[in-house]
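**Q**
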Amino acid sequence: MIVIVSSYKIFDERIEDFKKVSQEMAKESLETEDGVLRLDVLQADGDPGKFLFMEVYKSEAARKAHLETPQFISWRRAVPEWLSQGSTSIQYLPVHINLPA
Numbered sequence: 001m002i003v004i005v006s007s008y009k010i011f012d013e014r015i016e017d018f019k020k021v022s023q024e025m026a027k028e029s030l031e032t033e034d035g036v037l038r039l040d041v042l043q044a045d046g047d048p049g050k051f052l053f054m055e056v057y058k059s060e061a062a063r064k065a066h067l068e069t070p071q072f073i074s075w076r077r078a079v080p081e082w083l084s085q086g087s088t089s090i091q092y093l094p095v096h097i098n099l100p101a
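Heads up: the sequence shown begins at 1 in UniProt numbering, then just goes up one per residue.
#1: So, for residue 29: in the same chain, excluding its five sequence neighbours on each side, which residues have a beta-carbon less than 8 angstroms away from its beta-carbon?
#2: First and last residue of the alpha helix (DSSP H) that includes residue 21?
#3: For residue 53, does the three-state DSSP call read helix, strand or coil?
#4: Just reading off the beta strand (DSSP E) that residue 9 is part of, what are its end residues?
#5: Could you tell me the distance, in whole angstroms, from the CA atom of residue 11 to the CA atom of residue 42?
#6: What do you get for residue 92, buried or exposed, if any count of 16 or more other CB atoms within 10 angstroms of its CB means buried?
#7: Express the C-alpha separation of residue 75 and residue 105 in angstroms, rounding to a whole number.
#8: Anyone know if the C-beta pair for residue 89 and residue 2 falls short of 8 angstroms?
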């Protein structure tokens, strides 16, 4: 499992556009990509232009396949001009705790 956490700061006048294309991309990805386990689009409480994506993939191959999909490519083309500052993305790997039975 691969987890990607990305943050974006969007110009105020483009917030609704960003929400729309992000929700569409997430919905399409979850419905059509077996390797996408979760794709949450989160908006900061108190800072409406700040967003966080939490993406969970079955594997690195699934993550790479997602980057080649029409919905991601379309999202990626639209978003850069809406960013008021650079985005960040961090990849995480799960740390499993063995709990007693």
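C-beta atoms are modelled at their ideal positions from N, C-alpha and C, and glycine is treated no differently.
**A** Once the coordinates are examined:
#1: Cβ neighbours of residue 29 beyond the five flanking positions: 36, 39, 66, 69, 71, 72.
#2: Here the alpha helix (DSSP H) through residue 21 covers 15 to 32.
#3: Three-state DSSP puts residue 53 in a strand.
#4: It spans 2 to 10 - the beta strand (DSSP E) in which residue 9 sits, taken as one unbroken run.
#5: Each residue's Cα considered, the two are about 16 angstroms apart.
#6: The residue is exposed, with fewer than 16 neighbouring Cβ atoms inside 10 Å.
#7: Because the chain is modelled from 1 through 101, residue 105 falls outside the range shown and cannot be assessed.
#8: No. Outside cutoff.
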